[in-house]
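So the structure is just underneath, and the comments pick up after that.
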Amino acid sequence: MNNNATIRTNSLRAWVLAARPKTLTGALTPVILGLALSLADLGYRLHAVPAVLCVLFALIMQVDANLVNDYFDWRKGNDNPDTRLGPPRACTMGWVTPGAMRRALVVVTTLACIVGLPLTLYGGWGMVLAGIACVVFCFLYTTVLSYLGLGDVLVVLFFGLVPVCLTYFLQTGTVNVWIIVLSVACGLVIDNLLIVNNYRDIDLDRNDGKRTLVVRLGRRASLALYFFIGFAATFVVFVYAGFDWRSFIMLIYVFCHCRAYRMLTRLRGRDLNAALAAAARNNLVFGLSASAVALL
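In terms of the working numbering, the sequence shown opens at residue 124 and continues consecutively.
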């Protein structure tokens, strides 16, 4: 039993908390958008097997990334429960033992590879290279790149460009300029979640030597960037839709984005976890709104 009497070590509840289910919207959003764009261009036909495999691969890789982050941040001592502002982490709290977490990383990474490998039947052996890149950067993000301020680049790539374009390609066999532009917009919206997370932790990250984009920019510029990204991504969808009536569906996302921004400007410390939850919901709102625009 750990120091939290309600959570048994290595229990199912402990593993659910370690997997961070609330973060899965970030993994689902680009795949949903990629499928919607392909449905619109294929006359509402869908190849079910690669669609399901893309969803499963995205979800498993997100869990894998969360476990990697939990374990390696514990090893570096960055998750002190007395100073941490975000939700408590499994290894640090003793909910999951380090040995069990290491074994879980092997199992979950292997499972992601098993799920992703059949995609070669639909997209060729280039899918193997894409899968390897996903796994490699999943580990590099926490261990190296987040300390160099490159986390935001990875988010745009692996939560925007890669999943949207590959999901679309596996359905249609091609990718066009609009798919690339919309995938980048999607990645930027999801990066807003990282911006909120790092905005909350700016002082701790600065002390730990993590040169995140927010640490480099400072609070005021980071707030401005967050606000700008939401409207820039919305504008991209408006242009894609030709500014017709479908475009106004995106006002749902704009409303949610402005509410989250208002929270960001008013809250500090642990209270910013509410803004983080709002940003996570906004990811899905953007994906569903943009998908509706594409499908109508």
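The beta carbon of each residue, even a glycine, is placed where N, CA and C say it ideally should be.
Every value quoted in this text rests on a predicted model; they were computed, and no experiment measured them.
- Here residue 132 is not near residue 403, since their CB atoms are 8 Å or more apart.
- In the DSSP assignment, residue 414 falls within the unbroken alpha helix (DSSP H) covering 396-418.
- If you draw a straight line from the Cα of residue 155 to the Cα of residue 407, it is about 9 Å long.
- Cβ contact annotation for residue 228 (same chain, cutoff 6 Å, sequence separation greater than five): 190, in chain order.
- Shown here for residue 390: same chain residues with a beta carbon closer than 8 Å to its own, the five before and five after excluded, namely 397, 398 in chain order.
- DSSP places residue 167 in the coil class of the three-state scheme, outside both helix and strand.
- Here the alpha carbon of residue 383 sits roughly 27 Å from the alpha carbon of residue 418.
- If you draw a straight line from the Cα of residue 285 to the Cα of residue 299, it comes to about 13 Å.
- Residue state for residue 389 is assigned as helix, using DSSP reduced to three classes.
- If you look at residue 364, you'll find it isn't in any alpha helix (DSSP H); DSSP assigns it neither H nor E.
- Here residue 352 is buried. Its C-beta has 16 or more other C-beta atoms within 10 Å.
- Within a 10 Å sphere around the beta-carbon of residue 218 sit 16 or more other beta-carbons, which makes this residue buried.
- Assigned with DSSP and collapsed to three states, residue 299 falls in coil, not helix or strand.
- Contiguous alpha helix (DSSP H) elements confined to the stretch 257-298 occur at 274-279, 285-295, taking only those with 4 or more residues.
- Separation of the CB atoms of residue 337 and residue 325 is rounded to 5 Å, and the pair is thereby assigned contact status at 8 Å.
- Only residues of its own chain outside the window of five on either side were considered, and among them 202 have a CB closer than 6 Å to the CB of residue 196, listed in chain order.
- With fewer than 16 other CB atoms across the displayed protein chains lying within 10 angstroms of its CB, residue 354 is exposed.
- The beta carbon of residue 388 lies closer than 7 Å to those of 346 in the same chain, with the five residues before and after it left out.
- In the structure shown, the three-state DSSP call for residue 342 is helix.
- With three or more CB-CB distances shorter than 8 Å, the stretch 161-179 counts as touching the stretch 291-307.
- The DSSP-derived three-state label of residue 161 is helix.
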